[in-house]
Amino acid sequence: MIELKLVSFAYVSEDVIRDVNLVFSPGVTAVVGPNGSGKTTLLKLAAVIYRPRVGEVLIDGVNPWSMSEKARASVRRDVVYVHEKPIMLRGSVADNVAYGLRVRNVPADEVVVKIEEALEALGIKHLAHEKAQTLSVGQQQKVALARALAVRPRNLLLDEPTANLDKSGRENFMELVKELRRKGVCIAVATHDRLLAMELMDRLVLVENRTTKFIKNP
Amino acid sequence: MKMRWVAIALAVIVAVSILFLFIYRREHYEGTLRITTTTSLYATGILDKLAEEFKQRHPNVSIQFIAVGSGEALRRAAQGDAEIVLSHAPNLEKQYLDDGTLKPGKIFAYNYFIIVGPGDDPAGIAGMDPVNAMAAIYAAGENGKAVFVSRADNSGTYARELVLWSLAGVNPLGKSWYLELGADMAQTLMVANEKEAYTLSDISTYLKFSSRLGELKSLVDKGDMLINVYSVYVVNPAKIIGVNEGLAETFVEFILSEEGQKIIDSYGITEFGKPLFKAAKGDLTGELKNAWENLAKFG
Amino acid sequence: MWQEIAEVVTRSILISGTATLFAAFWSVPIAMMLTAKDSKFRVALLDVTNTLVGVPTVLVGLVLYLLFSRSGPLGFLGILYTPTSIVIGEAVLITPIIISLSALVLRETKAKVWEMAVSIGATERQASVTMVAESLPRLLMAILLGFNRAIGELGVALMLGGNIKGFTRVMTTAIALEVSKGEFELALTLGGILLLVTFTITAIVGKVGKVR
Chain Z
743 MIELKLVSFA YVSEDVIRDV NLVFSPGVTA VVGPNGSGKT TLLKLAAVIY RPRVGEVLID
803 GVNPWSMSEK ARASVRRDVV YVHEKPIMLR GSVADNVAYG LRVRNVPADE VVVKIEEALE
863 ALGIKHLAHE KAQTLSVGQQ QKVALARALA VRPRNLLLDE PTANLDKSGR ENFMELVKEL
923 RRKGVCIAVA THDRLLAMEL MDRLVLVENR TTKFIKNP
Chain H
258 MKMRWVAIAL AVIVAVSILF LFIYRREHYE GTLRITTTTS LYATGILDKL AEEFKQRHPN
318 VSIQFIAVGS GEALRRAAQG DAEIVLSHAP NLEKQYLDDG TLKPGKIFAY NYFIIVGPGD
378 DPAGIAGMDP VNAMAAIYAA GENGKAVFVS RADNSGTYAR ELVLWSLAGV NPLGKSWYLE
438 LGADMAQTLM VANEKEAYTL SDISTYLKFS SRLGELKSLV DKGDMLINVY SVYVVNPAKI
498 IGVNEGLAET FVEFILSEEG QKIIDSYGIT EFGKPLFKAA KGDLTGELKN AWENLAKFG
Chain B
223 MWQEIAEVVT RSILISGTAT LFAAFWSVPI AMMLTAKDSK FRVALLDVTN TLVGVPTVLV
283 GLVLYLLFSR SGPLGFLGIL YTPTSIVIGE AVLITPIIIS LSALVLRETK AKVWEMAVSI
343 GATERQASVT MVAESLPRLL MAILLGFNRA IGELGVALML GGNIKGFTRV MTTAIALEVS
403 KGEFELALTL GGILLLVTFT ITAIVGKVGK VR
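Protein chains in written order, with my numbering: chain Z, 743 to 960; chain H, 258 to 556; chain B, 223 to 434.
Put into structure tokens, the structure is as follows:
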């Protein structure tokens, strides 16, 4: 669970997010709003990537920004954010999917199994040995999702996850999210895709004019 | 992963440094003699020839020439960055002798400066006395008929050019036909060639370049004021610490020796059909010394 | 003659290579430091560095010459007119260009890779390592550009090295000398070799950078 308490944030001097109170609880929260309204900023604040100018972000009740860097990193491991534009490291698809596991010092044999599972879930097992940076954006997006799933986060923040997926990719994605929801994962999805939002969401956050409107039963 | 890169980087640096040290050491066996010299002298190749002969007698010595303009050569030596200076600018040398930075030197070679200009010679200086020739160039320049390019740097040639202008009683500085380059002799000659201009040159550089200087002819090559005396000086160890005086004196002795003088007298015959320098051979008549004294007066 | 040319070429590569290694050794960490956080001070420092990229080589040579001259403050080291002084001069000369280009590369990877790494659970240290590893091919290129500037520069090598035959003569000073001697053909040959050498090294580094 991620809570934002009276959070404001500015890149330079002007707030792009102001006085936001919000809870991402287990299940799917759809984050919608016009382009440039601050959806991505909001997710990155929730993911402990950006530090709020004022206010608090609580991950399962604790405030990572009041901790040491080391402690914060361990809290952060419960939250995974997936960029709208997939960011691929050099090396193979398998290397990319393994990254989150390697930084957690997961034993090598376990890594192999988890990579396999994640690739399987996204239907990209055949790409395992391809160079990630040479893939199409759609394929890269799947790799990025696989990389996120491989670490089994309790909180998953997805930024336009279906933007580059085709129809079957999109359906597969929805199945995945539904399964994660059953497992009690706390999921936030920023999206322009109304149908996707309608089908998946348990609640809705509308981002507009630097602040948010929380709608419990859409 | 990070450690591995640091280790690789360190290994490479250490390896290269060792290699370097080896190369550096190889050059530094017994004694190093550092000589600042005027560029025109070095560019002829005569110094490498002399050093080669010297090394046959003293194989453990490393001789390093640093070729710059005469003024710069003197200044660098005075700063303690060399033990010997080879220069051809008496009036510049004088001040370093006066303040004791350089020990009294010897004239080891001489030749003549020449005034070169376009073949059609608009100022009509061919065969003139050098001082009158400069005056004629000035007059032609003022009438818009001639151009003069000047080294305008810290060189012995430029020092001589200024002496000639002042003897002619004219001052071309700032005139539109007087181009101050700030370049070495080779470039100055090339500019003179392109602009069909007059300039003062040492004979050796002119001969080396003559095949590229289609338009440029040697017009004035006689006259006392064109004598170009090359002197060798040892930096005074009493003034500058760290001078390898013994080795320096040995090299100077070699240049002035019969063998050294013979090399100077014959250098360039095979290439140009005539020697580039005349050996001073002890200056028995004192003629060169007089010329030097005469030139040194022009502060 | 060819043996002498080979020696000059080897010396050039060794001197500029060593200078580049040293420069990279401190420039890349400095670039990392400058791009680690956005503060006004760091941005200002980066602006200064960017300006210094265009510093005339003769100016660097002159300042160090005055420093290393026997009558200068570091004269006691006795390194003027040795390969060591050229190495130092060139390292100083190319430091701004390597910092500047590395900072450019790192800033771009930081915006992407660093954020991704942190969000997937890397500690800041792990993220920094990943960031550098990801930037490596392009950092290598930045360093290589430094090397190319070092091997192609004349001012420092002439002022600090003195163009001493068999000792501090490198390709650029040899070319300058041959031009002043009127040996244009030889100068052009040397120039061609210089370009060939830089091209070959650039190609090799580019290839290595891609494979890794």
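No residue lacks a Cβ here, since even glycine has one placed at the ideal position from N, Cα and C.
Predicted model, so just to flag it, every value in this text is computed and none were measured.
Asked, Found
"So if I threshold CB-CB distances at 7 Å, which residues from the region 325-337 of chain H count as touching chain B?", "336, 337"
"Determine, using beta carbons only, whether residue 262 of chain B comes closer than 8 Å to chain H.", "no"
"Out of Z:798, Z:891, Z:874, Z:751, which one is the CA nearest neighbour of residue 779 of chain Z?", "Z:751"
"Measuring only between beta-carbons, confirm whether residue 890 of chain Z sits less than 8 Å from chain B.", "yes"
"What does DSSP give as the partner residue(s) for residue 932 of chain Z in the beta ladder?", "Z:773, Z:901"
"Output the boundary residues of the alpha helix (DSSP H) element that contains residue 322 of chain B.", "305-331"
"Quick check on DSSP: helix, strand or coil for residue 855 of chain Z?", "helix"
"Name the residues in the region 331-364 of chain B whose C-beta lies less than 9 Å from a C-beta of chain Z; which are they?", "334, 335, 337, 338, 339, 340, 341, 342, 343, 344, 345, 346, 347, 348, 349, 352, 355, 356, 358, 359"
"Any residues in the region 777-809 of chain Z with a beta carbon nearer than 9 Å to a beta carbon of chain B? Which ones, in chain order?", "786, 789, 790, 791"
"Heavy atom of the ligand PLP less than 7 Å from the Cβ of residue 448 of chain H, yes or no?", "No copy of the ligand PLP appears in this structure; indeed no ligand is present at all."
"When DSSP builds the beta bridges, which residues end up paired with residue 459 of chain H?", "H:370"
"Quick check on this structure: which residue in H:325, H:317, H:302, H:520 has the alpha carbon closest to the alpha carbon of residue 294 of chain H?", "H:325"
"Since residue 335 of chain H is in the alpha helix (DSSP H), which residue starts that stretch and which ends it?", "327-335"
"Residue 380 of chain H by DSSP, collapsed to three states: which one?", "coil"
"Under 8 Å between C-beta atoms, does residue 385 of chain B make it to chain H?", "yes"
"Taking all protein chains shown into account, do 16 or more other C-beta atoms lie within 10 angstroms of the C-beta of residue 527 of chain H, making it buried, or fewer, making it exposed?", "exposed"
"Could you tell me whether the Cβ atoms of residue 283 of chain B and residue 300 of chain B are closer together than 8 Å?", "no"
"Where does residue 287 of chain B fall in DSSP's three states?", "helix"
"Using DSSP's beta-bridge definition, name the partner residues of residue 485 of chain H.", "H:368"
"Compare the C-beta of residue 270 of chain H with all C-beta atoms of chain B and state if any pair is closer than 8 Å.", "yes"
"Taking Cβ-Cβ distances below 9 Å as the criterion, which residues of the region 480-506 of chain H are in contact with chain B?", "497, 498, 499"
"Between the alpha carbons of residue 433 of chain B and residue 911 of chain Z, how many angstroms are there, rounded?", "Because residue 433 of chain B sits at a pLDDT of 48, beneath the cut-off of 50, its placement in the model cannot be relied upon, and the following sentence gives the value as read from the coordinates. Distance between the alpha carbons of residue 433 of chain B and residue 911 of chain Z is about 31 Å."
"Give the residues from the region 236-247 of chain B that approach chain H closer than 9 Å (Cβ to any Cβ), ordered along the chain.", "236, 237, 239, 240, 243, 244, 246, 247"
"Using the beta-carbon of each residue, which ones in chain D are nearer than 9 Å to residue 534 of chain H?", "The chain labelled as chain D is not found among the protein chains of the depicted structure, namely Z, H and B."
"For the putative contact between residue 487 of chain H and residue 298 of chain H, defined by C-beta atoms under 8 Å, what is the C-beta separation to the nearest angstrom?", "6 Å"
"Would a check of beta-carbon distances place residue 306 of chain H closer than 8 Å to chain B?", "no"
"Could you check the C-alpha separation between residue 368 of chain H and residue 289 of chain B for me, to the nearest Å?", "37 Å"
"Which word fits residue 336 of chain B, buried or exposed, when buried means at least 16 other C-beta atoms lie within 10 angstroms of its C-beta?", "buried"
"Measuring only between beta-carbons, confirm whether residue 825 of chain Z sits less than 8 Å from chain B.", "yes"
"What does DSSP give as the partner residue(s) for residue 514 of chain H in the beta ladder?", "Per DSSP, none; premise fails for residue 514 of chain H."
"For the region 263-281 of chain B against the region 350-367 of chain B, are there 3 or more C-beta pairs whose distance is under 8 Å?", "no"
"Considering Cα atoms alone, identify which of Z:888, Z:893, Z:874, Z:803 is closest to residue 835 of chain Z.", "Z:874"
"Flag residue 746 of chain Z as yes if its beta-carbon sits less than 8 Å from any beta-carbon of chain B, otherwise no.", "no"
"Under 8 Å, with one C-beta from each stretch per pair, do the region 450-467 of chain H and the region 366-386 of chain H reach the 3-pair mark?", "yes"
"Between B:256, B:323, B:326, B:341, which lies nearest to residue 793 of chain Z when the distance is taken from Cα to Cα?", "B:341"
"For the region 499-511 of chain H and the region 411-422 of chain H, state whether three or more C-beta atom pairs, one from each stretch, are separated by less than 8 Å.", "no"
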